[in-house]
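Here's the structure we're looking at; comments come further down.
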Amino acid sequence: MYAVTDPSTGTTARTYPTATDTEVSEAVAAAHAATAWGRSSTVAERAALLRRLGDLHTEHRAELAAGIVREMGKPLDEAEGEVDFCVDIYHYYADHAEEFLADEELTVTSGPGRAVVRRGPVGVLLGIMPWNFPAYQVARFAAPNLALGNTIVLKHAPQCPDTAALLERLVAEAGFPAGAYVNVYATNEQIADVIADPRVHGVSLTGSERAGAAVAEIAGRHLKKVVLELGGSDPFIVLSTDDLDSVVDAAVAARLDNTGQACNAAKRFVVTAGLYDAFVEKFTAALLARQSGAPLSSVAAADTLERQVAAAVAEGATLHTEGERDGAHFPAGVLTGLTTEHAAARQELFGPVAMVFRAADEQDALRIANDTPYGLGSYVFTTDPVQAARVADGIEAGMVFVNGVGAEGAELPFGGIKRSGFGRELGRPGIEEFVNKKLIRTVA
Numbered sequence: 529m530y531a532v533t534d535p536s537t538g539t540t541a542r543t544y545p546t547a548t549d550t551e552v553s554e555a556v557a558a559a560h561a562a563t564a565w566g567r568s569s570t571v572a573e574r575a576a577l578l579r580r581l582g583d584l585h586t587e588h589r590a591e592l593a594a595g596i597v598r599e600m601g602k603p604l605d606e607a608e609g610e611v612d613f614c615v616d617i618y619h620y621y622a623d624h625a626e627e628f629l630a631d632e633e634l635t636v637t638s639g640p641g642r643a644v645v646r647r648g649p650v651g652v653l654l655g656i657m658p659w660n661f662p663a664y665q666v667a668r669f670a671a672p673n674l675a676l677g678n679t680i681v682l683k684h685a686p687q688c689p690d691t692a693a694l695l696e697r698l699v700a701e702a703g704f705p706a707g708a709y710v711n712v713y714a715t716n717e718q719i720a721d722v723i724a725d726p727r728v729h730g731v732s733l734t735g736s737e738r739a740g741a742a743v744a745e746i747a748g749r750h751l752k753k754v755v756l757e758l759g760g761s762d763p764f765i766v767l768s769t770d771d772l773d774s775v776v777d778a779a780v781a782a783r784l785d786n787t788g789q790a791c792n793a794a795k796r797f798v799v800t801a802g803l804y805d806a807f808v809e810k811f812t813a814a815l816l817a818r819q820s821g822a823p824l825s826s827v828a829a830a831d832t833l834e835r836q837v838a839a840a841v842a843e844g845a846t847l848h849t850e851g852e853r854d855g856a857h858f859p860a861g862v863l864t865g866l867t868t869e870h871a872a873a874r875q876e877l878f879g880p881v882a883m884v885f886r887a888a889d890e891q892d893a894l895r896i897a898n899d900t901p902y903g904l905g906s907y908v909f910t911t912d913p914v915q916a917a918r919v920a921d922g923i924e925a926g927m928v929f930v931n932g933v934g935a936e937g938a939e940l941p942f943g944g945i946k947r948s949g950f951g952r953e954l955g956r957p958g959i960e961e962f963v964n965k966k967l968i969r970t971v972a
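If you want the numbering used here, it's the position in the sequence shown, counting the first as 1, plus 528.
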């Protein structure tokens, strides 16, 4: 189940045995024992450990990046950028944990005395992580929760066992005690038991809609809070521009990030009629010219994308592409002639294929953008700031980026609505998800 298979060659370099039931139980027990550290250590002490963990990511940047490339095919410069973002995240929470977790004085109007809300850990958390950002996804879950004093049992994607082991080693090297962060190569059946375990107090999953639904169902039966970051089919709305070439550059970057395998990548390009033809011409040429040539994460991922594209063409869409698929390598492409009635319009295409829709006007563009089961991110390009604000208010998504792409940051909350999940990571909201907000009322 856990194996390092280079998607560019299909060669399996290493396999790992899945954990025994005893090993999984021991992982939970270790994390539970470490909750004593989480409750007794100070925020400043934990922040210092986080800072060291960030520094270690810098020191091991080359090793981490090379492993990411080997495991899931990410272009090297993007893998290095992923590690750099992890450093930002660990250092951000190191810098701000004391501020975020300080006692909150309440105004008491019901009688004498004073009251505060004191933020503390809830205990053991289970993290279920995906393959597409093997280090970054872990950082945005682990950093705020280790700052808080929660302890972590981490089940990484089966494609990323080397990265999983390296991250566990870096956490230990940073000085976190045994059990604060435990990696486990568990099966899905074992993970269901971990969710049900009374020592586990919450679950965070980044992954597919199907996986999210399954985890939420089990967690709900056992009264566990979950944070879910699932799929997305983010709209990229073009309403007006003084520089179409720069908008096209942004559109290409938004579609090709991680070879198109990012939940919050722009996937549906919604362009008003007056700009549509020129946009399609420039965008298609640029997308095909700038594709990285990197593989998708696996042959299976390429198979899925191929089926989706073929189905869209069978429904009447036109595919603009160059080159042929080769194993996990999938050529970039642009699908035109689409409406919201096409099945593809309601799916997530996880790869370097873009869908372009013609909109009559602003209102129609907003209709197309919102006609999706997903609601993760979105992008709006316009020269009119009033229009930008109006459209941003009307988009049904957890995030809206106006006149820019790649604008995520450690300080900015990340998450969605509808079938893209619920809860937030990063920023101050990221440390508020798995926290005990304890009221302490002193009357006299």
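By construction, the Cβ of each residue, glycine as well, lies at the ideal position given by its N, Cα and C atoms.
Quick one: what does DSSP say residue i is sitting in, helix, strand or coil?
{"i": "A794", "result": "strand"}
{"i": "L604", "result": "helix"}
{"i": "V914", "result": "helix"}
{"i": "T800", "result": "strand"}
{"i": "R598", "result": "helix"}
{"i": "F962", "result": "coil"}
{"i": "G944", "result": "coil"}
{"i": "V808", "result": "helix"}
{"i": "T563", "result": "helix"}
{"i": "T570", "result": "coil"}
{"i": "E924", "result": "coil"}
{"i": "L767", "result": "coil"}
{"i": "E953", "result": "strand"}
{"i": "E696", "result": "helix"}
{"i": "E936", "result": "coil"}
{"i": "T787", "result": "helix"}
{"i": "A685", "result": "coil"}
{"i": "T537", "result": "coil"}
{"i": "E585", "result": "As written in the sequence, residue 585 is His, which differs from the Glu given in the question. Correct three-state label for H585: helix."}
May I ask you to list the residues that DSSP assigns as paired with residue i?
{"i": "T691", "result": "DSSP, once it has assigned bridges, lists no residue as partnering T691."}
{"i": "A878", "result": "A small correction: the amino acid at residue 878 is Phe; Ala does not occupy that position in the sequence shown. Paired residues: none, contrary to the question."}
{"i": "V532", "result": "R542"}
{"i": "F929", "result": "Y907"}
{"i": "G609", "result": "Answer is none; G609 lacks a bridge partner."}
{"i": "T548", "result": "Answer is none; T548 lacks a bridge partner."}
{"i": "R969", "result": "A643"}
{"i": "T679", "result": "V652"}
Hey, residue i and residue j are a contact pair by Cβ (cut 8 angstroms); roughly how many whole angstroms apart?
{"i": "G650", "j": "V556", "result": "It should be pointed out that residue 650 corresponds to Val in this sequence rather than to Gly. Not really, about 15 angstroms apart at Cβ, beyond 8 angstroms."}
{"i": "F663", "j": "L695", "result": "Note on residue identity: the sequence assigns Ala, not Phe, to residue 663. Yes, A663 and L695 are in contact; Cβ-Cβ is about 7 angstroms, under 8 angstroms."}
{"i": "L894", "j": "G926", "result": "In fact, because the Cβ distance is near 16 angstroms, the residues do not count as touching under 8 angstroms."}
{"i": "A897", "j": "P686", "result": "Not really, about 34 angstroms apart at Cβ, beyond 8 angstroms."}
{"i": "A559", "j": "I968", "result": "The pair is not a contact, with the Cβ atoms about 27 angstroms apart (cut-off 8 angstroms)."}
{"i": "G641", "j": "T679", "result": "That belief does not hold up - the Cβ atoms of G641 and T679 are roughly 34 angstroms apart, past 8 angstroms."}
{"i": "G903", "j": "L756", "result": "That belief does not hold up - the Cβ atoms of G903 and L756 are roughly 12 angstroms apart, past 8 angstroms."}
{"i": "L877", "j": "Q836", "result": "6 angstroms"}
{"i": "L863", "j": "V881", "result": "6 angstroms"}
{"i": "G760", "j": "G944", "result": "6 angstroms"}
{"i": "H870", "j": "A840", "result": "6 angstroms"}
{"i": "N660", "j": "N786", "result": "6 angstroms"}
{"i": "L592", "j": "E701", "result": "Not really, about 13 angstroms apart at Cβ, beyond 8 angstroms."}
Compute the minimum distance between the beta carbon of residue i and the heavy atoms of the ligand GDP, and state whether it is under 7 angstroms.
{"i": "S536", "result": "Only the bare structure without any ligand can be found here, which leaves the ligand GDP out of the picture."}
Checklist entry - What are the uninterrupted segments assigned as beta strand (DSSP E) that are 3 or more residues long and contained completely in the segment 699-762, given in chain order? => result Complete beta strand (DSSP E) runs here, min 3: 709-711, 728-734 and 753-757.
Item to check | Cβ contact (3+ pairs, closer than 8 angstroms) linking the segment 925-933 and the segment 729-747 | outcome: Contact between the segment 925-933 and the segment 729-747 is absent, because fewer than three Cβ pairs lie under 8 angstroms.
Next on the checklist: Runs of 4 residues minimum, wholly inside the segment 618-677: which ones carry the alpha helix (DSSP H) assignment?
Outcome noted: If we require 4 residues or more, the alpha helix (DSSP H) runs fully inside the segment 618-677 come out as 664-676.
Checklist entry - What runs of the alpha helix (DSSP H), each 4 residues or longer, lie entirely inside the segment 810-873? => result DSSP assignment within the segment 810-873 yields the following whole alpha helix (DSSP H) runs of 4 residues or more, N-terminal first: 827-842.
Checklist entry - What are the start and end residues of each continuous alpha helix (DSSP H) run of 4 or more residues lying completely inside the segment 878-912, in chain order? => result Within the segment 878-912, the complete alpha helix (DSSP H) runs of at least 4 residues are 890-898.
Checklist entry - Between the segment 910-918 and the segment 875-888, do at least 3 Cβ pairs fall closer than 8 angstroms? => result Short answer: they don't touch.
Next on the checklist: Does the contact criterion of 3 or more C-beta pairs under 8 angstroms hold for the segment 586-604 versus the segment 764-778?
Outcome noted: Contact between the segment 586-604 and the segment 764-778 is absent, because fewer than three Cβ pairs lie under 8 angstroms.
Checklist entry - Counting pairs of Cβ atoms below 8 angstroms between the segment 573-583 and the segment 622-631, do you hit three or more? => result Put simply, the segment 573-583 touches the segment 622-631. At least three CB pairs are less than 8 angstroms apart.
Item to check | Cβ contact (3+ pairs, closer than 8 angstroms) linking the segment 534-546 and the segment 818-836 | outcome: In the pairwise beta carbon analysis, the segment 534-546 is classified as touching the segment 818-836: at least three pairs are separated by under 8 angstroms.
Next on the checklist: Three Cβ pairs or more, each shorter than 8 angstroms: is that satisfied between the segment 850-858 and the segment 792-811?
Outcome noted: The segment 850-858 makes no contact with the segment 792-811; the number of CB pairs closer than 8 angstroms stays below 3.
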